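Just so we're aligned, residue 1 is where the sequence shown starts under UniProt numbering, counting upward by one.
Some notes on the structure that comes next.
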Amino acid sequence: MGLFKQAKPLDPAKIDVGRTWITSRLTPFSARMVVERLSCGTKGQKKTRSFVRILVNDALQPLEFCGGDKDGLCTLDAFVESQAYARNNGNGDFEKCFS
Numbered sequence: 001m002g003l004f005k006q007a008k009p010l011d012p013a014k015i016d017v018g019r020t021w022i023t024s025r026l027t028p029f030s031a032r033m034v035v036e037r038l039s040c041g042t043k044g045q046k047k048t049r050s051f052v053r054i055l056v057n058d059a060l061q062p063l064e065f066c067g068g069d070k071d072g073l074c075t076l077d078a079f080v081e082s083q084a085y086a087r088n089n090g091n092g093d094f095e096k097c098f099s
């Protein structure tokens, strides 16, 4: 479409104040986060396992903090355990929220 065409390539080390591409003008100030709970079975078995994956603005997040795999899947139990700080109201350590 030719929108935001630059007169010269953008320099990643120095901001050109005259550039036409300004991300903050194009990206909304809100974001969309989706937390999916998936129940998956294994072929030939009746038992299913529950998993969690998170997408932010349609981008799959790695979930390394709970042992997520290459598909961004983390077991539900591991995800819930990884959120212990939040589930315990920050253990009363509210200063971390404002530092």
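The beta-carbon is built from N, C-alpha and C at its ideal position, and this holds for glycine as well.
Remember, predicted model here, so these are calculated numbers, not experimental data.
Measuring CB to CB, does residue i end up less than 9 Å from residue j?
| i | j | result |
| --- | --- | --- |
| V56 | R32 | yes |
| residue 108 | W21 | For residue 108 there is no data in the structure shown, the boundaries of the chain being 1 and 99. |
| I15 | V35 | no |
Starting from the Cα of residue i, find the closest Cα among the options and give me that residue.
| i | options | result |
| --- | --- | --- |
| C74 | Y85, R87, L60 | L60 |
| T42 | E36, S50, V35 | S50 |
| S82 | C40, G68, G18, V17 | G68 |
Determine which residues share a DSSP beta bridge with residue i and list them.
| i | result |
| --- | --- |
| residue 146 | Because the chain here runs from 1 to 99, residue 146 falls outside it and cannot be looked at. |
| V34 | L55 |
| L73 | Answer by DSSP bridge pairing: none, since L73 is not bridged. |
| L60 | L55 |
What are the boundary residues of the alpha helix (DSSP H) that includes residue i?
| i | result |
| --- | --- |
| D77 | 76-82 |
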